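In this note's numbering, the protein residues as written are 103 to 249.
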């Protein structure tokens, strides 16, 4: 009997030892397909557009599980909104660029805030966050055309 095609997202979830559910697959695929980081409401809207029933609590838990498993990473913007992006497999820390006009957050994976800094005796850093603020290319082009 032939085996049904299993999506790459389902393989990633199974490889982490997690239950392969429609919600987990759908959310991970949405994050993988998006060039931008997405907040909870963005993911919920895409699930609804795809006809995927969901509730807010399940979506929050699914996003948190994906982060815990290294399948996505969480970015907290200056507006305190949590945004998510697929591809956290390496769990490496990296810098981000936050557009102050549209809220877009871009991962800058080539810039790693892992430098050794001289901290006072007894202080042990657990993570570092480096965020650049400014205007993204799209907003910059829009600003240029309105001049």
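Ideal Cβ placement from N, Cα and C applies to all residues, glycine included.
Quantities reported herein were computed from a predicted structural model and do not represent experimental measurements.
Query	Result
Which of helix, strand or coil DSSP assigns to residue 159	helix
Residue from 212, 168, 222 whose Cα sits closest to the Cα of residue 111	168
DSSP-derived helix/strand/coil call for residue 184	strand
Reduced DSSP secondary structure (H/G/I, E/B, other) of residue 108	coil
Beta-carbon proximity list for residue 170, same chain, < 6 Å, skipping 5 on both sides	none
N-terminal and C-terminal residue of the alpha helix (DSSP H) that residue 146 is part of	142-151
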